[in-house]
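Residue numbers (the numbering used here): 418 to 660.
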Amino acid sequence: MVPDLPTGAGQPRRDAAARAALAEIARRVRPVGAAHERVVEVPGSLGARLPQRGVRRGSVVAVTGAPGAGATSVALTLAGAVTARGEWAAALDLGGTLGALAAAEAGVALERFVVVRPPGGARALADRWATVVAALLDGVGLVIAELPRSLRTADARRLAARARERAAILVPLAPTDAWPAEAALRLHAPGGPWPLVDGLLTERTVPVVVDGHGAGAITGARAGAITGAGAPGGRGTGHARAG
């Protein structure tokens, strides 16, 4: 399910039209299921390294990693944990590179996963990025938000507050630690070599560095991992399974 933001004469409409379209998306995919649970359990070895083996509703979990390092797979693993509970997740895909196969192999239930791709990509969205993310937070349990090149701290803080208010999980995704506001958890995929068997790429273990704060959370950083399969390349080409 990949809705586009509305356009007119080949250009994105003004904020009011975009908000109306996103509000309709939010209405149709409002989360159901175990929303009363305060922590969404994440399976596998990644979950074992997280506080309470999962991520807390209403929190920000910043995910970073260079293209091909596995950051997208980490974010999709979190989305899979949410959709496994009968809830909806969404992704704001500025680059248009998020693959359905990668999402499915990360455990995401595609029938409960919305991908928003603005026509024209990040440039077309411009300063309406925060508006789009806020609208998605109103309607789904988890939002993967690919960060624009620049993000005001004030906008980041407002989105963190919106996530708390809606008991949704916000997952900012970027190559570097570009999220300017506080995050309950920061997950970094440093990357690693892809093993070859008879000249073919095989599964690899994606290392994940986990850093968090707060009562009952992580003191300092821990190492976790997910198992991925696929080819190294642009974002969305790696596939992950918690393991």
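Note that beta-carbon positions come from the ideal geometry of N, C-alpha and C, so glycine has one too.
Every value quoted in this text rests on a predicted model; they were computed, and no experiment measured them.
Helix, strand or coil at residue i according to DSSP, with G and I counted as helix
i: Ala573; result: helix
i: Gly537; result: coil
i: Arg545; result: helix
i: Leu554; result: helix
i: Arg583; result: helix
i: Pro468; result: helix
i: Leu578; result: Just to set this straight, residue 578 is Ala in the shown sequence, not Leu. Of the three classes helix, strand and coil, the one that applies to Ala578 here is helix, per DSSP.
Bounding residues of the alpha helix (DSSP H) (the contiguous stretch that carries residue i)
i: Glu522; result: Ala517 to Glu522
i: Gly471; result: Note, Gly471: premise wrong, no alpha helix (DSSP H); beta strand (DSSP E) at Gly471 to Arg473.
i: Val477; result: Element bounds for Val477: n/a, residue is neither H nor E.
i: Leu590; result: Careful: Leu590 lies outside any alpha helix (DSSP H), inside the beta strand (DSSP E) at Ile586 to Ala591.
i: Leu495; result: Ala488 to Thr500
i: Leu463; result: Gly461 to Ala465
Beta-carbon contacts of residue i that lie in its chain and below 6 Å, excluding the five residues immediately before and after
i: Val456; result: Gln469, Gly471 and Arg473
i: Leu559; result: Ala496, Val499, Ala506 and Ile586
i: Leu554; result: Val560, Arg579, Ala580, Arg583 and Ala585
i: Ala595; result: Leu564
i: Ala452; result: With a pLDDT of 46 at Ala452, under the threshold of 50, the modelled position of that residue is not reliable, and the figure given next carries that caveat. Taken in chain order, the list of residues that qualify is empty.
i: Glu528; result: none
Beta-ladder partner(s) of residue i, from DSSP
i: Ala506; result: Phe530 and Leu559
i: Leu604; result: Val480 and Val627
i: Glu458; result: Gly471
Distance cut-off 7 Å: residue i Cβ against heavy atoms of the ligand NAD
i: Thr481; result: With respect to small molecules bound, the structure shown includes none, and the ligand NAD cannot be examined in it.
Same chain, Cβ closer than 7 Å to residue i, five either side skipped, listed in chain order
i: Leu493; result: Ala519, Ala520, Ala523, Val525 and Ala657
i: Ala483; result: Pro592 and Gly608
i: Ala488; result: Val480, Thr481, Gly482, Leu590 and Ala606
i: Glu458; result: Gly464, Arg470, Gly471 and Ala498
Own chain, CB closer than 8 Å to residue i, minus 5 neighbours either side, in chain order
i: Ala571; result: none
i: Ala551; result: Arg575, Leu576 and Arg579
i: Phe530; result: Met418, Ala496, Thr500, Trp505, Ala506, Ala507, Ala508 and Ala520
i: Gly538; result: Leu511, Gly512 and Gly513
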